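Data block below; observations after.
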Amino acid sequence: MKKEQGYLSANNIKYVDYKDLDLIRMFLNPNGQISGKRRSNLSAKEQRMLALAVKRARFMALLPYIAA
Amino acid sequence: MENELENFAPLPRVYEVGFHISPTIAEEDLGIRVTAVRDAVEAAGGRMIADEYPKHIDLAYPIVKVSANKRATHHSAYFGWMKFDMEPKGAKVLDATLKKDDYILRFILVQTVRENTMAPKKVLTQKRAEEVVRTKESAPEKPAMSEEELDKTIEELVIS
Numbered sequence: 001m002k003k004e005q006g007y008l009s010a011n012n013i014k015y016v017d018y019k020d021l022d023l024i025r026m027f028l029n030p031n032g033q034i035s036g037k038r039r040s041n042l043s044a045k046e047q048r049m050l051a052l053a054v055k056r057a058r059f060m061a062l063l064p065y066i067a068a
Numbered sequence: 001m002e003n004e005l006e007n008f009a010p011l012p013r014v015y016e017v018g019f020h021i022s023p024t025i026a027e028e029d030l031g032i033r034v035t036a037v038r039d040a041v042e043a044a045g046g047r048m049i050a051d052e053y054p055k056h057i058d059l060a061y062p063i064v065k066v067s068a069n070k071r072a073t074h075h076s077a078y079f080g081w082m083k084f085d086m087e088p089k090g091a092k093v094l095d096a097t098l099k100k101d102d103y104i105l106r107f108i109l110v111q112t113v114r115e116n117t118m119a120p121k122k123v124l125t126q127k128r129a130e131e132v133v134r135t136k137e138s139a140p141e142k143p144a145m146s147e148e149e150l151d152k153t154i155e156e157l158v159i160s
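Line by line, the protein sequences are chains X and H.
Be aware that the first sequence starts at 1, since it is given in our numbering, and climbs by one per residue.
Be aware that the second sequence starts at 1, since it is given in our numbering, and climbs by one per residue.
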């Protein structure tokens, strides 16, 4: 079965910026955890890019490490 | 061969610095702090590409900053960023300079690309608009029952 295309490649988004909270929040669950590759439908490269952006945003207190 | 290595100068890379300025600063004095950061970037050999003036934001969790031997917890800050190209040596200098700045709560220095990395807002809003339309379309399908049918089903439910 062919894998569904992810949101990033479908919209031609090449980079995930740590400041782009609207985009990042699409891939977080209500607890602020990063959704897995199966759920996000992202490629391995995109998923790594997303994880890096989320971690940077958390460090800068733009996103919580744990959302209550 | 050794000479070549000694003379090797790495190409300038594009960096971005994001920073939180202490919320204790008055909004009028914010410009001074921003110029201080800009001066630090330019002193380290940076050439500006883009920037955003700091905005007051609520932090996702409190940040503790020790300045003048006192711990202060901050729940909000002025967040701004600057994008510039610089040689890797300069980045190290800039990192050291910003660490010494008492008015900067926290900063992040990352390597990035010259192009705008923010996803266009249109894409996000379009998607949301589509979702709204979809939900609106699907919603009126359900109450296609006439009042009589509704009464019947209610009665059935009550009886059972």
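Backbone N, C-alpha and C fix where the C-beta goes; we use that ideal spot for every residue, glycine too.
Small disclaimer: the values here were computed from a predicted structure and weren't measured.
Contacts that residue i makes with chain X (C-beta to C-beta distance below 7 Å)
i	result
H/LEU11	Neighbours of H/LEU11 on chain X: none; closest Cβ ~20 Å, over 7 Å.
H/LEU59	ALA61
H/VAL113	TYR15
Short Cβ contact (8 Å threshold) for residue i with residue j
i	j	result
X/PRO64	H/TYR78	no
X/ASN18	X/ARG56	Per the sequence presented here, residue 18 of chain X reads as Tyr, with Asn not at that position. Yes, these two residues count as a Cβ contact at 8 Å.
H/PRO23	H/SER67	no
H/THR97	H/TYR15	no
X/LEU8	X/LEU62	no
H/LEU109	H/VAL41	no
H/ALA44	H/GLY90	yes
H/PRO163	H/MET86	In this structure chain H extends from 1 to 160, so residue 163 of chain H is not present and cannot be described.
Under 8 Å from the C-beta of residue i: neighbouring residues of chain X
i	result
H/VAL34	In chain order: nothing, as chain X lies at least about 17 Å away.
H/VAL14	Under the 8 Å cutoff, chain X gives no residues; its nearest Cβ is about 12 Å from H/VAL14.
Residue i: contacting residues in chain H (beta-carbon distance under 9 Å)
i	result
X/PHE27	Residues of chain H passing the Cβ test: none, with the nearest at roughly 12 Å.
X/ARG56	GLY18, ILE108, VAL110
Contact set between residue i and chain X, taken where Cβ atoms lie within less than 9 Å
i	result
H/TYR78	The premise fails here: H/TYR78 is roughly 13 Å from chain X at the closest Cβ pair, so nothing lies under 9 Å.
Proximal residues of chain H, C-beta to C-beta of residue i below 8 Å
i	result
X/LYS19	GLY18, TRP81, MET118
X/MET60	GLY18, HIS20, PHE79, ARG106, ILE108
Euclidean distance between Cα positions of residue i and residue j
i	j	result
H/ASN7	X/VAL54	38 Å
H/ASP58	H/HIS74	9 Å
H/ASN69	X/ALA10	51 Å
X/LEU44	X/LEU28	Checking the displayed sequence, the identity of residue 44 of chain X turns out to be Ala instead of Leu. C-alpha separation (whole angstroms): 17 Å.
X/GLU46	H/PRO88	26 Å
X/ASP20	X/MET1	32 Å
H/ILE63	H/ASN116	29 Å
H/PHE107	H/GLU4	36 Å
H/ALA50	H/GLU27	22 Å
H/LYS100	X/ILE66	29 Å
H/MET145	H/TYR53	57 Å
H/ILE166	H/GLU148	One cannot answer for residue 166 of chain H here, as it falls past the ends of chain H, which runs 1 to 160.
H/LEU94	H/ILE104	13 Å
X/GLY6	X/ASP22	16 Å
X/SER35	H/LYS83	29 Å
H/ASP151	X/TYR15	56 Å
X/LYS3	H/PHE19	39 Å
Strand pairing of residue i, partner residues [DSSP]
i	result
H/ASP85	H/VAL14, H/ARG47
H/PHE171	Because chain H here runs from 1 to 160, residue 171 of chain H falls outside it and cannot be looked at.
H/LYS80	It should be noted that the sequence gives Gly, not Lys, for residue 80 of chain H. H/GLY80 pairs with H/PHE19.
H/ILE57	H/ALA77
H/LYS70	H/SER67
H/GLU52	H/TRP81
X/LEU28	X/ILE34
Chain-ordered chain H contacts of residue i [CB-CB under 7 Å]
i	result
X/PRO64	ALA60, TYR61
Short CB-CB distance (under 8 Å) between residue i and chain A
i	result
X/SER35	Included in the structure are the protein chains X and H, with no chain A among them.
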